[in-house]
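Undergrad: At position 113 of the sequence shown the residue is numbered 118 (my numbering), and the sequence of numbers has no breaks. Think of the CB as a built atom: it goes at the ideal place given N, C-alpha and C, for glycine as much as any other residue. These figures come from a predicted structure and were not determined experimentally. If you scroll down you'll find the structure; I have some questions about it.
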Amino acid sequence: MHTVQNVTGRLVEVRVASPLTLEEVQKFTNELRLVISRIPERYIGVVDLLHADTFPVDVAQGLIQLLSAMSDRVERTAFLIGESAIFSLQIERVLRNAANPNRKAFRDPLPLGKWLEEILTQNEHTRLELFLERRGEIR
Numbered sequence: 006m007h008t009v010q011n012v013t014g015r016l017v018e019v020r021v022a023s024p025l026t027l028e029e030v031q032k033f034t035n036e037l038r039l040v041i042s043r044i045p046e047r048y049i050g051v052v053d054l055l056h057a058d059t060f061p062v063d064v065a066q067g068l069i070q071l072l073s074a075m076s077d078r079v080e081r082t083a084f085l086i087g088e089s090a091i092f093s094l095q096i097e098r099v100l101r102n103a104a105n106p107n108r109k110a111f112r113d114p115l116p117l118g119k120w121l122e123e124i125l126t127q128n129e130h131t132r133l134e135l136f137l138e139r140r141g142e143i144r
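Listed below in structure tokens is the structure:
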């Protein structure tokens, strides 16, 4: 399950929950491309993975391909992950293989917010705070 939305400015909000299939990655890719295509500048992403667990290999590969393809459009993207060491390693590998240093994983929303707020407008910052208050929710 996933949601993708752009409520204000350049901030793209994503929530992902397991199980995530390769078919859903394709759907997610199409939705994300559509949302990003409406933003004239490079986008700022925030991804809530608190309800996600280790992805199957084909899903992880699909995410690497997606992130690699979007690299030229991203200003920064922050991924909020849970405490699972295995999932954390997988996400770090996905980010490393997508080869964009402007993407980082965080276990704590506070440093995530500080890292993104450096480049956010006031409206984007307000929206990020709301997104982080609702972390772990998926609709």
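What does the Cβ neighbour count give for Gly67, buried or exposed, with the cut at 16 atoms within 10 Å?
TA: With a threshold of 16 other beta carbon atoms within 10 Å, Gly67 meets it and is buried.
Undergrad: Does the beta-carbon of Gln31 have 16 or more other beta-carbons within 10 angstroms, so that it is buried, or is it exposed?
TA: exposed
Undergrad: When the Cβ atoms of the region 14-31 are set against those of the region 42-58, are three or more pairs found closer than 8 Å?
TA: yes
Undergrad: I need the boundaries of the alpha helix (DSSP H) containing Ile96, first residue and last residue.
TA: Ala90 to Ala103
Undergrad: Quick one, are the C-beta atoms of Thr131 and Arg108 less than 7 Å apart?
TA: no
Undergrad: How many angstroms separate the CA atom of Arg112 from the CA atom of Leu54?
TA: 10 Å
Undergrad: Reducing DSSP to helix, strand and coil, say where Leu39 ends up.
TA: Of the three classes helix, strand and coil, the one that applies to Leu39 here is helix, per DSSP.
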